[in-house]
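A quick write-up on the structure given underneath.
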Amino acid sequence: MALEEYKAKRDFRKTSEPQGHFGRKHRQPIFVVQEHHASRLHYDFRLEADGLLKSWAVPKKPTLAPSQKRLAVQVDDHPLGYATFEGTIPEGLYGAGTVRIWDHGTYENLLANKPETRTVPEGIADGRLEIALHGNKLKGRFALIRMKGRGRKDKDNWLLIKMKDEFARPDSAVSKKSGNPTKAATGKHSNSSPAPPSKDSRPPRGGITITHPGKIIFPEAGITKGEVVAFYRRIAPRLLPHLRDRPVTLERLPDGIGGADKPHFWQKDTPSYYPEWIPRIDLPSVQRKPVHYPLVNAVATLLYLVNLGRLTFHVWR
Ligand code: MN
Numbered sequence: 052m053a054l055e056e057y058k059a060k061r062d063f064r065k066t067s068e069p070q071g072h073f074g075r076k077h078r079q080p081i082f083v084v085q086e087h088h089a090s091r092l093h094y095d096f097r098l099e100a101d102g103l104l105k106s107w108a109v110p111k112k113p114t115l116a117p118s119q120k121r122l123a124v125q126v127d128d129h130p131l132g133y134a135t136f137e138g139t140i141p142e143g144l145y146g147a148g149t150v151r152i153w154d155h156g157t158y159e160n161l162l163a164n165k166p167e168t169r170t171v172p173e174g175i176a177d178g179r180l181e182i183a184l185h186g187n188k189l190k191g192r193f194a195l196i197r198m199k200g201r202g203r204k205d206k207d208n209w210l211l212i213k214m215k216d217e218f219a220r221p222d223s224a225v226s227k228k229s230g231n232p233t234k235a236a237t238g239k240h241s242n243s244s245p246a247p248p249s250k251d252s253r254p255p256r257g258g259i260t261i262t263h264p265g266k267i268i269f270p271e272a273g274i275t276k277g278e279v280v281a282f283y284r285r286i287a288p289r290l291l292p293h294l295r296d297r298p299v300t301l302e303r304l305p306d307g308i309g310g311a312d313k314p315h316f317w318q319k320d321t322p323s324y325y326p327e328w329i330p331r332i333d334l335p336s337v338q339r340k341p342v343h344y345p346l347v348n349a350v351a352t353l354l355y356l357v358n359l360g361r362l363t364f365h366v367w368r
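In my numbering, each number is its position in the sequence shown, counted from 1, plus 51.
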């Protein structure tokens, strides 16, 4: 991409924004995030590549919380000189409003070190970037992932996601969300492995503990495990009547539903470490001893299984 679109939208006699020149490459590529008080406040996220700034407009402030993925709409490439631009674009012009540098620094293209090496422009063409930012506010590994849109209109929609590393911060916003009665929504979620074996005869009083609610399990759509759990909770009144008292084979999809190339496992027998309050029914099997199929008769059972990545329910008969 060149700078034609950038130039076509601006009148350089009226705006103090830099003109559209290709810049000289920095030894270490740079990134900048500009807080842009236009008709609607947004954050322009820009990465140097090929003497230009590859750019995305991020409507919400970027964050270090892995669970808080940010929509990032790819916009025109900007000249490299734009990285130092601060000022006010006059009323009536394109992007009118004040621009301030919110964060800046250098970055590394992490795809360069992978077996299938990619430059940043190649990563953009593929719809996936992994970068390490060395800024004042934004630090550590981030992914930019293009969402699979339905139409041409959506083709510029990406997600900016903090990856888990030592710079990642827990999500503070999740606890403010209402309407989701899982423990995840009250901020009590654990970041440790799934709950230890329980011999309780009743589901826990406070609801099922959702582990890793921020884990992205549908990367193309940017859907987190917490959202999947919320979805199952919402559809439970419609789903449960079809599952009730019917032995169920579970499909375990640790990486979400992603077609034939994604790992999946079938689970018929209920492991003995599952809590006692999950009802089982023993049915004979041809090859071996009876199989203890779970019965999904209650929301708690449904959410317990979804939390363990059991995402599709195949009734036995
Ligand atoms: Mn902008």
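We put the beta carbon where it would ideally sit given N, CA and C, even for glycine.
Everything numeric in this text was worked out from a predicted model, so none of it was measured.
| task | Tell me whether Ala-236 is buried or exposed, calling it buried when 16 or more other Cβ atoms sit within 10 Å of its Cβ. | result | For this step, residue 236 is matched to residue 185 along the sequence shown. In this predicted model, Ala-236 has a pLDDT of only 35, less than 50, meaning its place in the structure is not dependable enough to derive any value.
| field | Opposing strand residues paired with Tyr-344 [DSSP bridges] | value | Locating residue 344 in the sequence shown gives position 293, where the first residue counts as 1. Ile-332.
| query | Straight-line CA distance for Lys-65 to Thr-149? | reply | One-based indexing of the sequence shown puts residue 65 at position 14. One-based indexing of the sequence shown puts residue 149 at position 98. C-alpha separation (whole angstroms): 15 Å.
| For Leu-301 and Thr-363, the rounded distance between their alpha carbons | Residue numbering aside, residue 363 sits at position 312 when the sequence shown is read from its first letter. Residue numbering aside, residue 301 sits at position 250 when the sequence shown is read from its first letter. Between Thr-363 and Leu-301, the C-alpha separation is close to 6 Å.
| query | What first and last residue would you give for the alpha helix (DSSP H) that runs through Pro-292? | reply | Locating residue 292 in the sequence shown gives position 241, where the first residue counts as 1. Its alpha helix (DSSP H) spans residues 276-294.
| field | Cut-off 6 Å between Cβ atoms - residues of its own chain near Glu-173, not counting five sequence neighbours on either side | value | As a position in the sequence shown, residue 173 is number 122, starting the count at 1. Within the same chain, Glu-173 has no close Cβ partners at all.
| message | At the level of alpha carbons, what is the spacing between Pro-305 and Phe-269? | response | Here residue 305 refers to the residue found at position 254 of the sequence shown. Here residue 269 refers to the residue found at position 218 of the sequence shown. Each residue's alpha carbon lies about 10 Å from the other.
| Boundaries (first-last residue) of the beta strand (DSSP E) holding Lys-213 | On the sequence shown, residue 213 is found 162 positions in, with the first residue counted as 1. Its beta strand (DSSP E) spans residues 208-213.
| request: Kindly indicate the opening and closing residues of the beta strand (DSSP E) around Asp-154. | output: Counting from 1 along the sequence shown, the entry for residue 154 is found at position 103. Segment 148-160, the beta strand (DSSP E) holding Asp-154.
| Secondary structure at Ile-259, three-state DSSP: helix, strand or coil? | Stepping through the sequence shown from its first residue, residue 259 is reached at position 208. Reduced to three states, the DSSP call for Ile-259 is coil.
| request: Kindly examine ligand 1 and report whether one of its heavy atoms sits closer than 7 Å to the Cβ of His-315. | output: In the sequence shown, counting from the first residue as 1, residue 315 sits at position 264. False, no ligand heavy atom lies under 7 Å from that Cβ.
| query | Just how far apart, CA to CA, sit Leu-354 and Gly-307? | reply | Counting from one through the sequence shown, the residue named residue 354 turns up at place 303. Counting from one through the sequence shown, the residue named residue 307 turns up at place 256. Distance between the alpha carbons of Leu-354 and Gly-307: 15 Å.
| message | Quick check: does the Cβ of Ala-147 come within less than 7 Å of any heavy atom belonging to ligand 1? | response | By one-based count along the sequence shown, residue 147 stands at place 96. No, the beta carbon of Ala-147 sits no closer than 7 Å to any heavy atom of ligand 1.
| task | Just grab the DSSP bridge partners of Ala-59 for me. | result | Here residue 59 refers to the residue found at position 8 when the sequence shown is read from its first residue. Paired residues: none, contrary to the question.
| task | State the Cα-Cα distance for the pair Ile-261 and Pro-80, rounded to the nearest angstrom. | result | Sequence index remark: in the sequence shown, residue 261 carries index 210 (1-based). Sequence index remark: in the sequence shown, residue 80 carries index 29 (1-based). Approximately 39 Å between the Cα atoms of the pair.
| request: Please go through the same chain and pick out, in chain order, the residues whose beta-carbon is closer than 8 Å to the beta-carbon of Tyr-40, but skip the five residues on each side of it. | output: What the structure shows of the chain is the stretch from 52 to 368, and residue 40 is not part of that stretch, so it cannot be assessed.
| If you draw a straight line from the C-alpha of His-365 to the C-alpha of Lys-266, how long is it? | Counting from 1 along the sequence shown, the entry for residue 365 is found at position 314. Counting from 1 along the sequence shown, the entry for residue 266 is found at position 215. If I take the Cα positions, the gap works out to 25 Å.
| message | Using 8 Å for Cβ pairs, my map puts Leu-98 next to Tyr-133. What's the rounded Cβ distance? | response | By one-based count along the sequence shown, residue 98 stands at place 47. By one-based count along the sequence shown, residue 133 stands at place 82. Going by Cβ atoms, the distance from Leu-98 to Tyr-133 rounds to 12 Å, so no, they are not a contact pair.
| Within 10 angstroms of its Cβ, does Phe-82 collect 16 or more other Cβ (buried), or is it exposed? | Counted from its first residue, the sequence shown places residue 82 at position 31. That one is buried.
| Can you name the start and end residues of the alpha helix (DSSP H) that Pro-172 belongs to? | Taking the sequence shown and counting its residues from 1, one reaches residue 172 at position 121. Where Pro-172 is concerned, the enclosing alpha helix (DSSP H) starts and stops at 171-177.
| query | Where DSSP assigns a beta bridge to Gln-125, which residues make up the other side? | reply | Along the sequence shown, one-based indexing puts residue 125 at 74. The beta-bridge partner set that DSSP reports for Gln-125 consists of Trp-107.
| query | Just to confirm, does Ala-134 get its C-beta within under 7 Å of one of the non-hydrogen atoms of ligand 1? | reply | Indexing the sequence shown from 1 puts residue 134 at position 83. No - ligand 1 has no heavy atom lying nearer than 7 Å to the Cβ of Ala-134.
| message | Restricting to Cα atoms, I'd like to know which of Pro-69, Arg-91 and Ile-175 is closest to Met-198. | response | On the sequence shown, position 147 is the one that residue 198 refers to. With distances taken between Cα atoms, Met-198 lies closest to Ile-175.
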